[in-house]
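First residue of the sequence shown? That's 17 in our numbering, and the numbers climb one at a time after it.
Don't be surprised by glycine CBs; every beta carbon is placed ideally from N, CA and C.
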Amino acid sequence: MSRALVTGGASGIGAALVARLRAEGFEVESLDVVTGFDVSDPERWDEVGPVDVACLNAGVLGGPPDPADLTIDGYRRAIAANVDGVVLGVRRLVRVMRAGGRIVCTASLAGLTAVPDDPVYGLTKHAVVGFVRSAAPALAARGISINAVCPGFVDTPMVSDTARSALVKTGFPLLTAAEVAEAAWVALSSGETGHAWVVQPGRPPLDFRFPTLPGPRREGDRSVGLPPPLSA
Ligand SMILES: NC(=O)c1ccc[n+]([C@@H]2O[C@H](COP(=O)([O-])OP(=O)(O)OC[C@H]3O[C@@H](n4cnc5c(N)ncnc54)[C@H](O)[C@@H]3O)[C@@H](O)[C@H]2O)c1
Numbered sequence: 017m018s019r020a021l022v023t024g025g026a027s028g029i030g031a032a033l034v035a036r037l038r039a040e041g042f043e044v045e046s047l048d049v050v051t052g053f054d055v056s057d058p059e060r061w062d063e064v065g066p067v068d069v070a071c072l073n074a075g076v077l078g079g080p081p082d083p084a085d086l087t088i089d090g091y092r093r094a095i096a097a098n099v100d101g102v103v104l105g106v107r108r109l110v111r112v113m114r115a116g117g118r119i120v121c122t123a124s125l126a127g128l129t130a131v132p133d134d135p136v137y138g139l140t141k142h143a144v145v146g147f148v149r150s151a152a153p154a155l156a157a158r159g160i161s162i163n164a165v166c167p168g169f170v171d172t173p174m175v176s177d178t179a180r181s182a183l184v185k186t187g188f189p190l191l192t193a194a195e196v197a198e199a200a201w202v203a204l205s206s207g208e209t210g211h212a213w214v215v216q217p218g219r220p221p222l223d224f225r226f227p228t229l230p231g232p233r234r235e236g237d238r239s240v241g242l243p244p245p246l247s248a
């Protein structure tokens, strides 16, 4: 039987990912802090063996809108769960996964747009998107794919009752956790790597296209484009 792991599988989107992968016939393990696995602990990752599919999904909110009000503990906790949890997970997984392995990370629309309500959350989710896009070529060389899903608001315990009521009052639709799990499955099955998939209510998962950056220009010359790989 194929094996899968889901971080943050005890709640919300993670629990839906566990159910979705079990429906596909995977033997699924949930790694969650509530059951003793902290994704920011590199020693716990050292105990993780090979899997065919990994969903790096555990995450927390970042803190208040005004950076002046940030607590050091809250800031470090968000970086640990949202950034360390993905980087350390990928580090371990690429060491043990076989070719054909597939990874999907739960980022957020907060990884693609500004989030004035929670700048630290925006920071961490931009980090996840940037890491997925940047690490994809190294993983591809090992035959492993990595993608990010970027959902809007999802009806899980992460959304406070106050925020949920405010959204419902204005008729703003929330995603279900099952819809996000389905989008993650689409990303995992896409054959793509290094992509960010936008997940919004009422739309199929969208393979987000990033704008092309302007390269440098030399006087009287055409654009020279982006630099070649520097590690060669
Ligand atoms: N709910 C939303 O609106 C929304 C939108 C976009 C993205 N996301 C992202 O989806 C992911 C899942 O969130 P959710 O909405 O299901 O929230 P949730 O709070 O229901 O679930 C998060 C899970 O992660 C676990 N977790 C937290 N820190 C951990 C750690 N250090 N180590 C291991 N497990 C840890 C929690 O115990 C919990 O089971 C998160 O990365 C979140 O940022 C959520």
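(request) For the beta strand (DSSP E) containing P220, list its first residue and its last residue. (result) Taking the first residue of the sequence shown as 1, we reach residue 220 at position 204. It is not in any beta strand (DSSP E) - P220 carries neither H nor E in the DSSP assignment.
(request) Return helix, strand or coil for A97, following the three-state DSSP convention. (result) Translated into positions along the sequence shown, residue 97 becomes position 81. Reduced to three states, the DSSP call for A97 is helix.
(request) Could you tell me the boundaries of the beta strand (DSSP E) in which V215 lies? (result) Residue numbering aside, residue 215 sits at position 199 when the sequence shown is read from its first letter. Per DSSP, V215 belongs to the beta strand (DSSP E) from 212–215.
(message) Checking 8 Å against the spacing of the C-beta atoms, do L125 and V214 come in under that value?
(response) As a first step, residue 125 is located in the sequence shown; it is residue number 109 there, counting from the start. As a first step, residue 214 is located in the sequence shown; it is residue number 198 there, counting from the start. Yes, the pair counts as a contact, with Cβ atoms nearer than the cut-off.
(message) Am I right that A94 and G78 are in contact with their C-beta atoms under 8 Å? What's the rounded C-beta distance?
(response) Indexing the sequence shown from 1 puts residue 94 at position 78. Indexing the sequence shown from 1 puts residue 78 at position 62. The Cβ separation is near 4 Å, so the contact holds.
(message) So, for P173: in the same chain, excluding its five sequence neighbours on each side, which residues have a beta-carbon less than 7 Å away from its beta-carbon?
(response) Here residue 173 is taken as the residue at index 157 of the sequence shown, counted from 1. Correct list, in chain order: S27, G28.
(message) Let me make sure I understand the geometry here. Which of F226, D134, A197, S176 has the alpha-carbon closest to that of E40?
(response) Position 24 of the sequence shown, counted from the start, is the residue given in the question as residue 40. Here the closest residue by C-alpha is A197.
(message) Residues in the same chain with beta-carbon distance under 7 Å from P66, minus the five sequence neighbours each way, listed in chain order, please.
(response) Within the sequence shown, numbered from 1, the residue matching residue 66 stands at position 50. Hits under 7 Å: V112, M113, R114.
(request) Would you decide whether T129 is buried or exposed? Buried here means 16 or more other CB atoms lie within 10 Å of its CB. (result) By one-based count along the sequence shown, residue 129 stands at place 113. With fewer than 16 other Cβ atoms within 10 Å, it is exposed.
(message) Restricting to Cα atoms, I'd like to know which of D100, P132, P232 is closest to V144.
(response) Here residue 144 is taken as the residue at index 128 of the sequence shown, counted from 1. Cα-wise, what sits closest to V144 is D100.
(request) For the segment 165–183 and the segment 214–231, state whether three or more C-beta atom pairs, one from each stretch, are separated by less than 8 Å. (result) yes
(request) Name the residue from D223, E195, T228 whose alpha carbon lies nearest to the alpha carbon of S206. (result) Working through the sequence shown from its first residue, we reach residue 206 at position 190. Considering only alpha carbons, the answer is D223.
(request) Quick one: give me the first and last residue of the beta strand (DSSP E) that E40 is part of. (result) Translated into positions along the sequence shown, residue 40 becomes position 24. No beta strand (DSSP E) contains E40, which DSSP labels as neither H nor E.
(message) Less than 7 Å separating the Cβ of G75 from some heavy atom of ligand 1?
(response) As a first step, residue 75 must be located in the sequence shown, where it is residue number 59. The answer is yes for G75.
(message) For D62 and P81, what's the separation of their Cα atoms in angstroms?
(response) Reading the sequence shown from its first residue, position 46 is the one you call residue 62. Reading the sequence shown from its first residue, position 65 is the one you call residue 81. Spanning the two alpha carbons is a distance of roughly 36 Å.
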